[in-house]
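A.B. asks: Chains as they are written, first to last, in the working numbering: chain A, 1 to 113; chain B, 1001 to 1110. Every residue, glycine too, gets a C-beta built ideally from N, C-alpha and C.
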Amino acid sequence: DAGVIQSPRHEVTEMGQEVTLRCKPISGHNSLFWYRQTMMRGLELLIYFNNNVPIDDSGMPEDRFSAKMPNASFSTLKIQPSEPRDSAVYFCASSFTGASTQHFGDGTRLSIL
Amino acid sequence: DAKTTQPPSMDCAEGRAANLPCNHSTISGNEYVYWYRQIHSQGPQYIIHGLKNNETNEMASLIITEDRKSSTLILPHATLRDTAVYYCIVNDNQGGKLIFGQGTELSVKP
């Protein structure tokens, strides 16, 4: 079975550019999570959706970050404009609603120069 | 903030049991103990969870003390591929966010 699919796997861009990260959750899962991992802060939740509706976005660092889930099989995390401190690995995870067993993708390694 | 405390690192000899401790002294009655691991350059992977009874699956065993203030994850025969960061998380099993602490970096050595 296909797991959580993230794209791209690696992204290198210059500061000020718009960055869009993509995630396809496991089919049938109706909760989706975006996490960010850095050496300094570890693994932290940015936002999560239930049935395509954002439930908790308290982890989104600032207005430069936005996330959407237009349908059950696709989500995006956008950074505009990007800054060097946004460099991190971004993970997407999905689960059944009400379940705490989350399935993670392999992440997107983002470098902002 | 994470509600768990774990040692930052541990070593284990290949083929031996790896016992990873976790303290969660403020755990609530409706909270479960979850374990995930993260192998280098991969996303976290669910291992096992439990409420108060000991649990075992194909990957590991989970031993929870009677007062539920601590637990131990046991990998019965550690292999080199078990080298990873192991995270202990408490969660009410109602879905929602997982709060990851710093975890324990387990190194399995030949």
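1. Measure the CB-CB distance between B:Tyr-1087 and B:Phe-1100 and report whether it falls below 7 Å.
2. Residue range of the beta strand (DSSP E) that A:Gln-37 falls in?
3. How far does the beta strand (DSSP E) with A:Arg-22 in it reach, from first residue to last?
4. Which residues in chain A sit within 7 Å of B:Tyr-1034, going by Cβ to Cβ distance?
5. Identify, in the order they occur along the chain, each residue of the same chain with its Cβ nearer than 6 Å to the Cβ of B:Pro-1076, setting aside the five sequence neighbours on each side.
6. Distance, Cα to Cα, A:Glu-83 vs B:Arg-1068?
7. If you follow the beta strand (DSSP E) that B:Pro-1008 is part of, which residue opens it and which one closes it?
8. Can you find the residues in the same chain that come closer than 6 Å, C-beta to C-beta, to A:Ser-66, ignoring five residues on each side of it along the sequence?
9. Starting from the N-terminal side, write out each stretch of the beta strand (DSSP E) that is 3 residues or longer and does not extend beyond the region 1027-1093 of chain B.
10. Go ahead and pull the three-state DSSP assignment for A:Pro-84.
11. Relative to the C-alpha of B:Glu-1066, which residue among B:Glu-1014, B:Leu-1051, B:Ile-1074, B:Glu-1058 is closest?
12. With 16 other CB atoms within 10 Å as the buried threshold, where does A:His-10 fall?
13. May I ask you to report which of helix, strand or coil DSSP gives A:Asp-56?
14. Starting from the C-beta of A:Cys-163, find all residues in its chain whose C-beta is less than 6 Å away, skip the five residues before and the five after it, and write them out in chain order.
15. From the beta carbon of B:Gly-1029, is the nearest beta carbon of chain A less than 7 Å away?
C.D. replies: Let's see:
1. yes
2. 31-38
3. 19-24
4. Ser-100
5. Ala-1017
6. 44 Å
7. Unbroken run through B:Pro-1008: none, as it is neither H nor E.
8. Lys-78
9. 1032-1038, 1045-1050, 1061-1064, 1070-1075, 1084-1091
10. helix
11. B:Leu-1051
12. exposed
13. strand
14. Beyond the ends of chain A as shown, which are 1 and 113, falls residue 163 of chain A; an answer cannot be given.
15. no
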